[in-house]
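Worksheet: one structure, shown below.
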Amino acid sequence: MPTRSARRLSAVAITVATVTGAVALAPAASANNPEPTPSTSITPLSAAGNGGVTILKKDPGGDVVAGATFNLLDSTGKQAASGTTDAEGQLTFQDLPPGVYRLKEVSSGSPLHEVVDDQDVIVTPGADTPLTIIDPFKPASVRLKAKDDKTGKLLAGSTVNIGSGDKTILTLTTGSDGTASGKLPINSRTGSDFWVKQVKAPAGYEIYTSVKAFKAKPGDPVTVTVTNAKTVTTPPPTEKPTDQPSNRPTPDKPGQDEDNPAPSASGTPTSDETASSTAAPTPGGSLAHTGADATPWLIGGAGVLIAAGGGALFAARRRRADNATDDGSTTS
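Put into structure tokens, the structure is as follows:
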């Protein structure tokens, strides 16, 4: 089939495609309506009953895109027509036999825009089929780096969320080389605003709590760097040797009795000592302080025994002297 010529029409086409979603990581371009509806106003193209296709090319912001190139393929895959959008973003294929064709965008004609996916187009006898095609903006390429804040060493295992407004768009985790890459959708010629927040720090590092803001334009490469400080660890305390004598009891040096506190350094007796010195003697059979209150009794008993022994010795000697006197008087 010979290639048909393309001409511009002044009539405005009906929109049958929608803008690609802005939350996709790598948005796929599509016209979102593979089977366009014929226009309500039909323009006769030829007496033979052939039809045509009119394309209006725009971007997500509503601006027309000139210089976009399209190929139209028939059911056998052979090129039936080819053309480029004019300054008003329009392109028309004429005098096409009725049937189903495949529309392929070869070039967007702009460094800021992506091409859309291929789609089917139905050519109706005696009618001009309108199509509005939206070329999405090229996504920005974002590269994440995680570094040690002291040495600059790249760190693996850093996870960040990247989003816009209150929505998270992309999550990246650095690999063994300390980097990660992704795509960010752009919805304006002048670029879009984004934020990045670390949600997981590399092992052995403190998490970076601040939120960084950045801007990316269509097709721009952007590098985001997150630095982390090492986790601070407190070593366990170590006991230092001391010259102070230990208060712990030893077999050859018993410890101080808990019930007999050491005297005050000022010489003033402690409350326990005062109470001990003024308390009444404990009745026999109960020793509140073993070996302390029994001493006066032992001393008194020893004195009594000594006195008794001395008296007995004195009495024995007196008796012996009296006997000797008696014997003398008898013999004289």
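Mature numbering (1 follows the signal peptide of the UniProt record, and there is no 0) puts the sequence shown at residues -31 to -1, 1 to 301.
Beta carbons: idealized from backbone N, C-alpha and C, even for Gly.
The Cβ-Cβ distance between S110 and S76 does not fall below 8 Å.
One alpha carbon belongs to S161, the other to A185, and they sit about 6 Å apart. In this structure V195 is buried. Its beta-carbon is surrounded by 16 or more other beta-carbon atoms within 10 angstroms. The region 123 to 143 makes contact with the region 156 to 171: 3 or more CB pairs, one atom from each, lie closer than 8 Å.
Judged by pairs of C-beta atoms under 8 Å, the region 111 to 121 does not touch the region 89 to 96, as fewer than three such pairs exist. In the three-state reduction of the DSSP assignment, I91 falls in the strand class. At the C-beta level, L41 and A49 come within 8 Å of one another.
The residues K26, K27, E57, G58, in chain order, have a CB closer than 7 Å to that of V33 in the same chain once the five nearest residues on each side in sequence are set aside. Just measuring C-alpha positions, the residue of P187, R286, N197, G144 sitting nearest L81 is P187. In the three-state reduction of the DSSP assignment, L81 falls in the coil class.
In this structure, the alpha-carbon of T200 lies about 55 Å from that of Q88.
When secondary structure is reduced to three states using DSSP, I155 falls in the coil class, being assigned neither helix nor strand. Contact between V90 and D104 fails: their C-beta atoms lie close to 17 Å from each other, not under 8 Å. Shown here for A182: same chain residues with a beta carbon closer than 6 Å to its own, the five before and five after excluded, namely W164 in chain order. With a threshold of 16 other beta carbon atoms within 10 Å, A198 falls short and is exposed. Check the Cα spacing between K116 and each of E175, P66, D55, K152: the tightest is with E175. Between T38 and T53, the CB-CB gap stays under 8 Å. For A115, the uninterrupted beta strand (DSSP E) run begins and ends at 109 to 117, by DSSP. G31: not part of any beta strand (DSSP E); DSSP gives it neither H nor E.
A Cβ-Cβ distance of about 5 Å is found for the pair D64 and N19, placing them in contact under the 8 Å criterion. T143 is classed as buried because its beta carbon has at least 16 other beta carbons within 10 Å across all chains shown. According to DSSP, E74 shares a beta bridge with F39. Per DSSP, the unbroken beta strand (DSSP E) holding F62 starts and ends at 59 to 65.
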